[in-house]
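Protein sequence lines, in the order shown, are assigned to chains A and B. For the record, in the first sequence the residue sitting at position 309 is 309 according to the numbering used here, with numbers rising by one throughout. Basically the numbering used here = 1-based index in the second sequence + 1000. Using N, Cα and C, we set each Cβ at its ideal position, and we do this for glycine too.
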Amino acid sequence: MSLMKNLISGTNFDHTSLNALQKVTLRAVIVSFLFYGLVALEGMIMRMVQVGPSAPIPEQFFHPDHYFSIMTVHPIVGIFGSTYQLVFAAFLFLVPFLTKKPLYSVKLANWTWGLITGGTVLAWLAAFVWQYAPLYTLYWPLPADTAQFSAWGGIVFIIGVALIMFGTFGFIYNIYATIFQKIGVHENKTTKELLISGFGIDGMFNLWHKLTGKPPYSKEPALALPVVAIFRGTVDTFLDAIVILTAGLLVLVYLLFDASGSPLDVASIDALLYKNYFWWGLDLVADGLVLIYVAGSWYLLATLITGQKLFMENVARAALMLELLVSWMVWSHHLLADQGQPEMMKLISGEMVTAFELLTQGLALFITLVTLWKARPLKMTMELKYLLGGLVGFGLAVPAAIIQADMGMNRVLHNTQWIIGAHVHIALIVGLYMTLYSAVYVLWPIVTNNTKLYSSKLSNIHFWMHLIGGIGMGAFMGMAGLDGMLRRHLYVDGEFNTWMILAAICGTMLLVAWLLFLINVIMSVGIKGLIGIFLPAHDKTASYGIEPETVAEKHKV
Amino acid sequence: MPKKVTVECEQTIEFDVRSRDLVYGFGLFRQDGTMVMQMQVNPGTDVNGILDPNDILWTFNHNGVFDVISTEYSGPDAYDEHTGKDLMFVKNFVEVVGCKEEGGKLEAGGNTK
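Here it is in structure tokens:
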């Protein structure tokens, strides 16, 4: 009976007690985790195909159009539908929480998750219904190749991606509008002061003043360090959205002309130039944003978990500024196998600046670990466990990528399972998601008004299965890559099935881990609570933990 | 594309690959499936006088027979619709002869093009 009671009503969760900010946060988190489940299922389907004919899976999945349709939407649903959604939800809650100001607009935050969800579903449908499958790389002119794909499928796909980007713009506007609001603690701050702090320049000045024996430039920086990371990372999110949107627009124009019966010449666009533009934008997210947002999240989690000040805070602030140069200049590591790419760009952008990521990421790792170390003895809570898991994830994934970002190694590793397994999947599943799970555990009592988690045993099993499954799957994919297995290739005869069976076992662990987490959440909030989260909030407050007067004052303005 | 190329040990070969439509890859693979080397093959559009080259010089130091696989995805049409077999796969494209078992040329001699 107690099981049934938990399933329907949860532990002590009361959705009517949540304010507007808490509700909008939880809505995006729930949708994000549902998309994560879809991604895990898609991954398992593709893995079964790679295992070969003996795999217990319907024959239709071995058809190339079906297989590559799944491969096309897998990253769209994973990166945008799940990761973007979760990161945006966390930051739209954290920025008001950390700056002690209300969120600029809850309505816009609702539009953000709605647009990203709708856009992801549309892109998924384009692949499911029309089997539009140019992969996320959209290498020109494949997305406009109507001899292979339906123009209408492409149009729906591009509209879906565009909606995701519009949702992203909503997030960006909301973040900056909140940071620049001159109320509460920032009532007397100028825009210039907030900008200097947002870009980490005050940290640089503080370091300089320390070196030259002057008093600190700013004793109390206007923005907390995690907000600086969010501020800085969001610049890259914006630029990336512009690149994806304009690339999508280009494809859309070609598809519309094609559908109207007067196709344009695809040869008018240089394929290599297009690749440069596309990768420049994508790496703002893949390298810049992940490293910056993640570093900021680590700093926040380390200080919240220990209750101590961050070790080397000024260096951390200045390093976030330095990341700007790194994230804007690394894209050529994707083009080391393109013989037309200038050698100097391969060397400077592809190898040297890329290798610099070892330093910036290493620094973030070091600062976080020392902060934790100095606060010993610490209780091994779920949030600390997940934070350590996140550190391990990036500790493995970043060097794996740097190994490939070398002109020699790239000759034998480019487009193999090495990069997508040992680097991308470990970075995302272990590095990023475990960091995000840590944030979920930290924020859970705050966002749900102290709802008791159903089972800590389930939490623990989830942790270990996710960690072992994630590292294992990435590692076995990486080993297959070393044996020559390509990443964007269909293998129907189980050519690499030893590695793929091992990866499938680890993938199953990931899928089961997700199911356990889902059960834990549902049993905590109950189905009633889950539905209630999507009902309008009675309490329209757009902040958390601020004195009511501050909010009231804001409304007077 | 020639059916098969026979290469003497330590001979340097220039692979110059062209595409008229999509982005492909050019990868040489050993019989055990491991990769020898690869490069991307961008379509040569020659827009505004720009022609992206897809060429590479490669010296072979070990005997063997190597297959060619496109290392870049170019759409589902590269595979058989029903069986999923790779239609761009070229079996035994390069054969290298005249090397010692541990690698290197059997007898002294200069490189040829």
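So which residues on chain B does residue i lean against when the C-beta distance must stay under 8 Å?
i, result
"Phe257/A", "Chain B residues near Phe257/A: none, gap ~18 Å exceeds 8 Å."
"Gln148/A", "Gly1075, Pro1076 and Asp1077"
"Asp65/A", "Pro1076 and Glu1081"
"Pro141/A", "Asp1021, Leu1022 and Pro1043"
"Leu86/A", "Here the premise fails: no neighbours, minimum Cβ distance about 28 Å."
Count the other CB atoms, across all protein chains shown, that sit within 10 Å of the CB of residue i; report buried if there are 16 or more and exposed otherwise.
i, result
"Val557/A", "Per-residue confidence for Val557/A stands at a pLDDT of 38, beneath the threshold of 50, marking its modelled position as unreliable; the derived number appears in the next sentence. Val557/A should be labelled exposed."
"Thr212/A", "exposed"
"Ala561/A", "Summary: the structure shown does not reach residue 561/A, with chain A confined to residues 1 through 557, and so no result is reported for it."
"Ala552/A", "With a pLDDT of 42 at Ala552/A, under the threshold of 50, the modelled position of this residue cannot be trusted, and the question is left open."
"Val129/A", "exposed"
"Val253/A", "exposed"
"Pro445/A", "exposed"
"Met382/A", "buried"
"Lys540/A", "exposed"
"His63/A", "buried"
"Gly1104/B", "exposed"
"Asp1032/B", "exposed"
"Val1094/B", "buried"
"Phe1088/B", "First, the amino acid is wrong: residue 1088/B is Met here, not Phe. Exposed, because fewer than 16 other Cβ atoms sit within 10 Å of the Cβ of Met1088/B."
"Gly1110/B", "Per-residue confidence for Gly1110/B stands at a pLDDT of 46, beneath the threshold of 50, marking its modelled position as unreliable; the derived number appears in the next sentence. Gly1110/B should be labelled exposed."
"His555/A", "A caution first: His555/A carries a pLDDT of 40, below 50, which makes its placement in the model too unreliable to give a value."
"Lys1113/B", "The predicted position of Lys1113/B is uncertain, since its pLDDT is 40 and thus under 50; no value can be drawn from it."
"Ala503/A", "buried"
"Ala208/A", "Going by the sequence as given, residue 208/A is Trp instead of Ala. So Trp208/A counts as exposed."
"Ile175/A", "buried"
"Met15/A", "Position check: residue 15/A holds His in this sequence, whereas Met was assumed. Buried."
"Lys385/A", "buried"
On a CA-only basis, which of the options is nearest residue i? Give me that one, please.
i, options, result
"Ile533/A", "Asn12/A, Asn19/A, Ser2/A and Met4/A", "Asn19/A"
"Ala405/A", "Ala355/A, Leu245/A and Tyr544/A", "Ala355/A"
"Gly200/A", "Val227/A, Pro536/A, Leu436/A and Leu86/A", "Val227/A"
"Asn12/A", "Asn450/A, Leu530/A, Ala480/A and Lys346/A", "Asn450/A"
"Arg488/A", "Met473/A, Asn415/A, Val512/A and Ala503/A", "Asn415/A"
"Phe61/A", "Met500/A, Ala503/A and Val492/A", "Val492/A"
"Trp464/A", "Val525/A, Trp514/A, Thr246/A and Ile420/A", "Trp514/A"
"Leu26/A", "Ala504/A, Gln131/A, Ala144/A and Leu443/A", "Leu443/A"
What do you reckon, are the CB atoms on residue i and residue j nearer than 8 Å?
i, j, result
"Ser2/A", "Lys528/A", "no"
"Arg232/A", "Glu323/A", "yes"
"Trp124/A", "Gly167/A", "no"
"Ala560/A", "Phe97/A", "Look at the range of chain A in this structure, 1 to 557, and you will see that residue 560/A is not part of it."
"Asn497/A", "Val51/A", "yes"
"Asn1064/B", "Gln1040/B", "The amino acid at residue 1064/B is misidentified as Asn; the sequence shows Gly. Not in contact: Gly1064/B and Gln1040/B (Cβ atoms no closer than 8 Å)."
"Phe569/A", "Ser82/A", "With chain A covering only 1 through 557, there is no way to say anything about residue 569/A."
"Leu223/A", "Leu194/A", "yes"
"Ser327/A", "Leu284/A", "yes"
"Val470/A", "Leu510/A", "One detail in the question is off: residue 470/A reads as Gly in this sequence, not Val. Against a cut-off of 8 Å, the Cβ pair of Leu510/A and Gly470/A comes out as a contact."
"Trp279/A", "Ala364/A", "no"
"Ile305/A", "Gly281/A", "no"
"Gly421/A", "Gly481/A", "yes"
"Gly629/A", "Ile179/A", "Absent from the structure is residue 629/A, since the part of chain A shown begins at 1 and ends at 557."
"Ala162/A", "Gly78/A", "no"
For a contact meaning CB atoms closer than 7 Å, what does residue i contact in chain B?
i, result
"Asp483/A", "Gly1033 and Thr1034"
"Phe93/A", "By Cβ distance, chain B contributes nothing, its closest Cβ being about 39 Å from Phe93/A, past 7 Å."
Which partner residues of residue i appear in the DSSP bridge assignment?
i, result
"Tyr1024/B", "Val1041/B"
"Lys1105/B", "Cys1099/B"
"Tyr1079/B", "Asp1086/B"
"Trp1058/B", "Ile1013/B"
"Asp539/A", "Asn19/A"
"Leu486/A", "Thr416/A"
"Glu1008/B", "Val1097/B"
"Asp1067/B", "Phe1029/B"
"Ser1019/B", "Pro1043/B"
"Met1035/B", "Phe1029/B"
Note down, in chain order, every chain A residue with its Cβ under 8 Å from the Cβ of residue i.
i, result
"Lys1085/B", "Val492"
"Asp1067/B", "Under the 8 Å cutoff, chain A gives no residues; its nearest Cβ is about 10 Å from Asp1067/B."
"Met998/B", "Nothing in the structure corresponds to residue 998/B, since chain B is present only between 1001 and 1113."
So with CB distances below 7 Å, who are the chain A contacts of residue i?
i, result
"Asp1055/B", "Gln339"
"Gly1025/B", "Asn415"
Name the chain B residues whose beta carbon is nearer than 9 Å to that of residue i?
i, result
"Arg317/A", "Those do not exist, as Arg317/A stays about 39 Å from chain B at its closest Cβ, beyond 9 Å."
Give the residues of chain A in contact with residue i, contact being defined as C-beta atoms less than 9 Å apart.
i, result
"Phe1029/B", "Gly484"
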